[in-house]
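Working notes for the structure below.
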Amino acid sequence: MTDYSWRGDFTNAELNALHAEGFGHKVLDDDWLAQVTQHSLGWVCARDDEGLAGFVNVPWDGGVHAFILDTLVTERVQHHGVGTRLVAIAAGQAKTAGCEWLHVDFEDHLRPFYFGSCGFTPTNAGLIALV
Ligand SMILES: CC(C)(COP(=O)(O)OP(=O)(O)OC[C@H]1O[C@@H](n2cnc3c(N)ncnc32)[C@H](O)[C@@H]1OP(=O)(O)O)[C@@H](O)C(=O)NCCC(=O)NCCS
168 MTDYSWRGDF TNAELNALHA EGFGHKVLDD DWLAQVTQHS LGWVCARDDE GLAGFVNVPW
228 DGGVHAFILD TLVTERVQHH GVGTRLVAIA AGQAKTAGCE WLHVDFEDHL RPFYFGSCGF
288 TPTNAGLIAL V
């Protein structure tokens, strides 16, 4: 049983652990609560009886553009539709807030997820690594 909540409760420790697992780095001490409350339209938490199972961050421009960042599902529940549901809730909430566009960028291997499952369509986009 997984519960989904828009702007749901989470702790920095939970999200730092999920981020480290998902992106394969050491557990950091980032202040996610400050980051998302100050800079995001919202975020979606997926929670089951073992804790925070998934998360997606939805920053925006304050107008009609919202963005998907930090889509994460813990390994023990991957491939059960949790990621797709997180993104669908993010899209619905962004639309409710008046956004007209939801953006994402990702590596090639995630094309089946974002294009095949989440409903994004391909477009030209660009990225500059600043570090
Ligand atoms: C990407 C991620 C969020 C997907 O979460 P999930 O809950 O497993 O996704 P879903 O169950 O909704 O997947 C639906 C479909 O998308 C595709 N898909 C899901 N994860 C995929 C992956 N890692 N690579 C390629 N396709 C994937 C599959 O077609 C999948 O269907 P299937 O389970 O029948 O194979 C999860 O794998 C994850 O947290 N990865 C590590 C962090 C990461 O890379 N995040 C994305 C940052 S842009």
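Going by the working numbering, the sequence shown opens with residue 168, and the numbers climb by one from there. For glycine and all other residues, C-beta sits at the position ideal for the given N, C-alpha and C. Just so we're clear, the structure is a prediction, and the values are computed from it rather than from any experiment.
Kindly identify the DSSP beta-bridge partner or partners of residue i.
i                 : result
phenylalanine 218 : Here residue 218 is glycine; the residue named in the question, phenylalanine, does not match the sequence. Per DSSP, Asp215.
aspartate 198     : Beta-bridge pairing links aspartate 198 to no other residue.
proline 289       : None; proline 289 has no bridge partner.
serine 352        : No information on residue 352 is available, as it lies outside the stretch 168 to 298 that the chain covers here.
Is the Cβ-Cβ distance between residue i and residue j less than 8 Å?
i              : j              : result
threonine 251  : leucine 185    : no
glycine 209    : glutamine 260  : yes
arginine 214   : threonine 178  : no
leucine 200    : alanine 187    : no
cysteine 285   : valine 254     : yes
isoleucine 235 : tryptophan 173 : no
aspartate 272  : leucine 239    : no
histidine 206  : proline 226    : yes
alanine 296    : leucine 269    : no
glycine 218    : glutamate 181  : yes
valine 203     : asparagine 224 : yes
Evaluate residue i with the Cβ neighbour count: other Cβ atoms within 10 Å of its Cβ, from every protein chain shown; 16 or more gives buried, anything less gives exposed.
i                 : result
valine 231        : exposed
threonine 288     : exposed
glycine 229       : exposed
valine 211        : buried
phenylalanine 222 : buried
valine 298        : exposed
aspartate 198     : exposed
### Message
If we require 3 or more residues per run, which beta strand (DSSP E) segments fall completely within the region 223-290?
### Response
232-234, 236-240 and 268-270
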